[in-house]
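Here the numbering used here is used: the first residue of the sequence shown is 459, the next is one more, and so on. C-beta: ideal position from N, C-alpha, C; glycine also.
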Amino acid sequence: MAKDTEITEVMIDNTSTTISFVEICRQYGVSEEILFEFLEYGLITEILTPNKHLMFEPEHLQRILSACRLHTDLEINTHGVILALELMDELRELRRELEILRRHLHNG
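Have a look at this one:
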């Protein structure tokens with residue numbers, strides 16, 4: 459991939475059971491250092507295989523890539539990334555609850 463290529467969309471293949479640490483670094487250009495830092499701060503959770511390989515659920519890939527964009531593109535430090543993702547999670551949950559309430563109100 460050329461250096462000036464920008465990734466605008468990521469398709470996540472949920473048929474795979476896990477994605478490896480190495481695959482995330484190589485395929486998506488995530489630095490090992492930042493991925494370890496995100497793990498250290500609990501921003502993402504890993505699965506440790508019997509062979510001691512770090513693996514991730516495919517659903518976590520989008521969170522990892524979002525965290526990387528915040529950190530790299532917007533130059534937000536790790537604590538800021540954690541706060542931003544927590545706020546986005548909370549906003550997503552509030553929107554979901556609001557939609558449920560709206561449906562209940564219209565059907566009630």
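Check: Taking just the CA atoms, how far does Phe-514 sit from Thr-476?; Outcome: 5 Å
Check: Please state if the CB of His-518 and the CB of Ile-502 are separated by a distance shorter than 7 Å.; Outcome: yes
Check: Beta carbon of Glu-495, beta carbon of Thr-530: below 7 Å?; Outcome: no
Check: Assuming Cys-526 and Val-480 form a contact by the criterion Cβ under 8 Å, report the distance between their Cβ atoms to the nearest whole angstrom.; Outcome: No, Cys-526 and Val-480 are not in contact; Cβ-Cβ is about 16 Å, not under 8 Å.
Check: Going by C-alpha distance, which of Glu-498, Leu-523, Asn-509 is nearest Gln-485?; Outcome: Leu-523
Check: Is the distance from the Cβ of Leu-497 to the Cβ of Glu-490 below 7 Å?; Outcome: no
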